[in-house]
Structures are given as C-alpha cells and as structure tokens.
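As structure tokens, the structure follows; a few thoughts come after it.
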Amino acid sequence: MSDIKATLDIKEWNSTLETIKKNIRNPFELLQAAYGTLGYKNIIEHFNNESGPEGAWKKRSVATNRMYQMLGKKNARYSPNNKILHLTGLLRQSITPTSTKRFDSNSILIFSNVRYSGKHDRGEEGMPKRSFMWFSENVKSMMAELISKNVLGKK
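Each residue of the sequence shown is one higher than the one before, counting from 472 in my numbering.
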C-alpha cells in the first residue's frame, strides 16, 4: 500500500449538493430562462439567415416568385426580394421569449401558435422544409452552461 492517501467524504460535498437541490426545485424556470435569453435569439437568427440545421433554406420556386411579382404591383408585401417566411411577419412574430409552456416536470415546449408553422418547419402539404424551430450546437452548449451555473449557484 502506498504511503500517499487521499480520502473523499460526502460531507465535503454537502454544501454543493444543497445548493443544487435548492436551485433545481423548479426546472421549468431554469429551462425557460435559458430559452428566453439564448434559445429565442437563435431561432430568430434562423429566420434572418434563412437557414435550417441542414443549411440554407430552399429558395422560392419560379412560380412563387412570378406570383409575388404580379401581386406585388398591388401589395408591396409581395416582393420576390422579401426574405423567405417573412410575407406577413406573423410566423416570425409568433415566436417570443415567452412562447413556452411546461411540457412535463423536466422539459418545456417552445411553440408558434400560427396554424401553418409546422407545415413550413417540417415541410408538409407540398411546402418545402424550412426548419426554423431548432437550436445550434453552440447555443445548446451555452444554454447548458447557463443552467449549470444557475444550478451550482455561480454568477
């Protein structure tokens, strides 16, 4: 047996464990804070950058651009130069820092209340898939760090 020894006693960790227990009583608030400060901005970036986890969103079809040109003569919002998924602004505006609800005891649901949001995000009913409801790996790491700091009571 070596003459160098180290001991580890759970009592040494009690303070840290108590801090964790106290700070994790309401995971909903932790998750909501992480989403509201970092996740929300990330989703909005997807609209601004017109990109999903697979890369750039599919461009509008020639037929859609032609329709926008015709309609744009009467209504300026129909411009082929407008960003994709920005026609009325409702979809982008439906996602806010507080558009969350408790999903279960350990998770939150982030949502858009615009009825066609899922069709665009998942590419349903003939619409091209233009995913906007996702988090980049960098933002996931930043949210995890934010939650860890809060759970450990570090500023």
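Think of the CB as a built atom: it goes at the ideal place given N, C-alpha and C, for glycine as much as any other residue. Everything numeric in this text was worked out from a predicted model, so none of it was measured.
What number of angstroms, rounded off, separates the C-alpha of residue i from the C-alpha of residue j?
i	j	result
E500	N546	43 Å
E521	T478	55 Å
S588	S565	9 Å
M614	L580	15 Å
H517	M604	8 Å
I515	K482	45 Å
S486	D575	28 Å
Skipping 5 residues on each side, what residues in its chain have a beta carbon closer than 6 Å to that of residue i?
i	result
V673	It is not possible to answer for residue 673, since the shown part of the chain is limited to 472 through 626.
Which same chain residues, not among the five before or five after residue i, have their C-beta less than 8 Å away from its C-beta?
i	result
S612	none
N536	P551
In terms of residues, what are the limits of the beta strand (DSSP E) holding residue i?
i	result
I581	578–581
R573	571–575
What residue does the alpha helix (DSSP H) around residue i start on, and which one ends it?
i	result
D592	588–593
M598	Taken as a continuous stretch (DSSP letters only), M598 belongs to no alpha helix (DSSP H), as it is neither H nor E.
P536	In the sequence as presented, Pro is not what sits at residue 536; that position holds Asn. 533–543 is the extent of the alpha helix (DSSP H) around N536.
N621	608–623
For residue i, which option in the options has the closest C-alpha, if you only look at C-alpha atoms?
i	options	result
F606	P498, I555, G507, I481	G507
T571	L502, K476, K590	L502
M598	K530, G526, E516, T490	K530
Quick one: using the 10 Å Cβ neighbour count with 16 as the cut-off for buried, is residue i buried or exposed?
i	result
A505	buried
Please return the same chain residues whose Cβ sits closer than 7 Å to the Cβ of residue i, not counting the five positions on each side in sequence.
i	result
A527	E521
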